[in-house]
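The structure appears right after this line, and notes come after that.
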Amino acid sequence: MIFVLGTAQEERVWGNELHSKIDIVLSFSYPPAEPLKHSIFHNNVPDFSAEGLNYETELTDIFMGNIEDVPFKREDLFFGSLFNAYVTEYARYCANSLPPDKIELTRQDCNKQQEIKNGFGITISRQCVGWVTVGTGFYAAPDMYAAMGVLEEFLFSNALSIVGQEDIMGFTAKMTGEMKAVHMDMAALIRINGCDSPGLKRFQENLRLFALGQEPIRIETLIAKRKENKTEVARNQDVKPLMEDLVYENSRQWNFNRYQRGSVDNVQIMNYDNMGRPGKLKAEYLFSGFSGNKKGSVILTFDSKGLPDCLYFFDFPSVCRPASRKIANAYAKNTYATLEKVPVVQSEINNQESLTKATRQEISAAVPFAVVETVPIFPGCANEKSPAAIKSCTAQKITEMINQNFNTEIGGKLGLSGINRVYVQFQIDHKGNIGNVNSRASHPALKQEAERVVKLLPKMTAGKQRGRPVNVIYSVPITFIVEKNNVVKKNSISQEKTVENKPQTQKNLTNNKLRKLFNVDGNDR
Numbered sequence: 049m050i051f052v053l054g055t056a057q058e059e060r061v062w063g064n065e066l067h068s069k070i071d072i073v074l075s076f077s078y079p080p081a082e083p084l085k086h087s088i089f090h091n092n093v094p095d096f097s098a099e100g101l102n103y104e105t106e107l108t109d110i111f112m113g114n115i116e117d118v119p120f121k122r123e124d125l126f127f128g129s130l131f132n133a134y135v136t137e138y139a140r141y142c143a144n145s146l147p148p149d150k151i152e153l154t155r156q157d158c159n160k161q162q163e164i165k166n167g168f169g170i171t172i173s174r175q176c177v178g179w180v181t182v183g184t185g186f187y188a189a190p191d192m193y194a195a196m197g198v199l200e201e202f203l204f205s206n207a208l209s210i211v212g213q214e215d216i217m218g219f220t221a222k223m224t225g226e227m228k229a230v231h232m233d234m235a236a237l238i239r240i241n242g243c244d245s246p247g248l249k250r251f252q253e254n255l256r257l258f259a260l261g262q263e264p265i266r267i268e269t270l271i272a273k274r275k276e277n278k279t280e281v282a283r284n285q286d287v288k289p290l291m292e293d294l295v296y297e298n299s300r301q302w303n304f305n306r307y308q309r310g311s312v313d314n315v316q317i318m319n320y321d322n323m324g325r326p327g328k329l330k331a332e333y334l335f336s337g338f339s340g341n342k343k344g345s346v347i348l349t350f351d352s353k354g355l356p357d358c359l360y361f362f363d364f365p366s367v368c369r370p371a372s373r374k375i376a377n378a379y380a381k382n383t384y385a386t387l388e389k390v391p392v393v394q395s396e397i398n399n400q401e402s403l404t405k406a407t408r409q410e411i412s413a414a415v416p417f418a419v420v421e422t423v424p425i426f427p428g429c430a431n432e433k434s435p436a437a438i439k440s441c442t443a444q445k446i447t448e449m450i451n452q453n454f455n456t457e458i459g460g461k462l463g464l465s466g467i468n469r470v471y472v473q474f475q476i477d478h479k480g481n482i483g484n485v486n487s488r489a490s491h492p493a494l495k496q497e498a499e500r501v502v503k504l505l506p507k508m509t510a511g512k513q514r515g516r517p518v519n520v521i522y523s524v525p526i527t528f529i530v531e532k533n534n535v536v537k538k539n540s541i542s543q544e545k546t547v548e549n550k551p552q553t554q555k556n557l558t559n560n561k562l563r564k565l566f567n568v569d570g571n572d573r
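In terms of this note's numbering, the sequence shown opens at residue 49 and continues consecutively.
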């Protein structure tokens, strides 16, 4: 099987070249991986968390076996990239968790090049005409390796569809952003849940079954609860700060121009979808470049679910710049809900009457720590030099306080052993107080202890969104290890930082690039 996977400094891509020969692997399956003895279950359901990730909803649906709500097919290039990213990151971070019969992943390296020179003897082009298959030093479980072979059968048709795109530049830019987000998510997903956790094993098995076109393992209780509590995207969200957040986030990837933060203005709703939600927005903004300050414009389109999808800037009007998934997720949770009205371009409204009848209700929603403009400030962190440093300091102080106060001896007294995890979520309200503490654990005593410790956190300076104090959601997955004879390792408790906290381990991904088709720069958004 051809599978290109480089080091952190190298590029990697599935299949290496559009014209590469792909060895077909027979479609066969293996029994699902056995969970560890020290499993963590909650009401007979394995614990799993994708909270705060770019594709939080889609990954959670795969875990639950809720495949009917997954917005892509196994034949799609996106799913192939997602599967590839999971196998890649699992091979990189979970080598000790692979079975003895693991199979090495390979890549194709060029071993013969053809040069074309002009009349002056200067090389004007160079292309590879010979390839050799080499091992990568990374491995995959046999069942996942086999599933990769099945997905590779779709690679050629996907390659043809890419070449046939009318707007190849725009399509490539969109896929680049999506693939970058997927690789970041897979690394974070493994880190949050742990290589051998039952929840991750269930996710992996359903991922494999999806790749093979087989029925998933469904968790009916969670699926039913998810459908019951499903929140529709509100029609009354304030799109001006939404555009501000999206343009600013995208501008962090600009090479030369510099966006003037807070300059988004003249936001207009160009049309609505059939549910009365914005379908297309247009806005103006200011930026500085080589020739001074200038005004630009941008169009935002929404997908079929009513979520921000693509940004089209005036200088490249046909190139889709993917809207930040984290901001889109916040929009899906109605974080931008408001009573404020936005100017409408009357000539392009097809359902004005339905909009007039729409009920405008103000929805109060907490802002995730990952996307809030000004994070809450832990006492002692206000003097840090930058917002990023303040954010890091606050996360670190919360971690330290949990480490110092969590009573790990409870695990031994309960007869637990091995790796134990507790998932805690709380709010830092608009006054800086800690509240709405919720947790999940394998035993009620661990749940109570986690909530007790979180409530010890001091009052902080409240976070702000668009200059106003807001409630901020913070998540804390806690891990501690109980060894044999109920002995807890000294300093073994650790807070596994989520994507919200941008941990150091994620920096290993910053140099990863997808070769040829997609130039992923790896910069964290």
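The beta-carbon is built from N, C-alpha and C at its ideal position, and this holds for glycine as well.
- Secondary structure at arginine 469: strand, using DSSP grouped into helix, strand and coil.
- Every beta strand (DSSP E) stretch that sits fully inside the segment 426-506 and reaches 3 residues is listed by chain position as 466-476, 482-488.
- By the Cβ rule, the segment 123-135 does not count as touching the segment 497-511, because fewer than three pairs are nearer than 8 Å.
- For arginine 140, the enclosing alpha helix (DSSP H) stretches over residues 125-141.
- The beta carbon of lysine 165 sits closer than 7 Å to those of Thr171, Ile172, all from its chain and outside the five residues before and after it, given in chain order.
- Here aspartate 149 is not near proline 119, since their CB atoms are 8 Å or more apart.
- In this structure, glycine 511 lies away from valine 367, with their beta-carbon atoms at least 8 Å apart.
- Taken atom to atom, the span from the alpha-carbon of glutamate 276 to that of leucine 270 is near 10 Å.
- Comparing C-alpha distances from glycine 183 to each of Met291, Thr383, Arg155 shows the shortest one belongs to Arg155.
- Distance from phenylalanine 186 to arginine 239 at the Cβ level is roughly 17 Å; contact not present, criterion being Cβ atoms closer than 8 Å.
- By the neighbour-count definition (other C-beta atoms within 10 Å, threshold 16), isoleucine 265 is an exposed residue.
- The criterion of a C-beta distance shorter than 8 Å is satisfied by leucine 348 and alanine 371.
- Between valine 180 and the set Gly167, Gln161, Tyr522, Ala188, the nearest pair of CA atoms involves Gln161.
- Per the coordinates, the alpha-carbon of alanine 493 lies some 8 Å from the alpha-carbon of isoleucine 458.
- With three or more CB-CB distances shorter than 8 Å, the segment 512-522 counts as touching the segment 466-485.
- Using a Cβ distance threshold of 8 Å, asparagine 319 and lysine 328 count as a contacting pair.
- For arginine 122, there is no enclosing beta strand (DSSP E), as DSSP marks it with neither H nor E.
- In this structure valine 177 is exposed. Its beta-carbon is surrounded by fewer than 16 other beta-carbon atoms within 10 angstroms.
- As computed with DSSP, glycine 340 is found in a beta bridge with Gly337.
- The shortest CA-to-CA distance from tyrosine 360 to any of Asp117, Ala195, Lys222, Phe454 is the one to Lys222.
- Remark: C-beta atoms of proline 416 and glycine 100 approach each other more closely than 8 Å.
- In the DSSP assignment, glutamine 301 forms no beta bridge with any residue.
- Phenylalanine 251 places its beta carbon less than 8 Å from that of isoleucine 110.
- One alpha carbon belongs to glutamate 448, the other to threonine 442, and they sit about 10 Å apart.
- DSSP, reduced to helix, strand and coil, places tyrosine 522 within a strand of the structure shown.
- Straight across, the Cα-Cα distance linking glycine 483 with methionine 508 is about 12 Å.
- Residue environment analysis places phenylalanine 258 among the buried positions, since at least 16 neighbouring C-beta atoms fall within 10 angstroms of its C-beta.
- Here the alpha carbons of cysteine 158 and phenylalanine 168 stand approximately 26 Å from one another.
- Around the beta carbon of aspartate 95, 16 or more other beta carbons sit within 10 angstroms, so the residue counts as buried.
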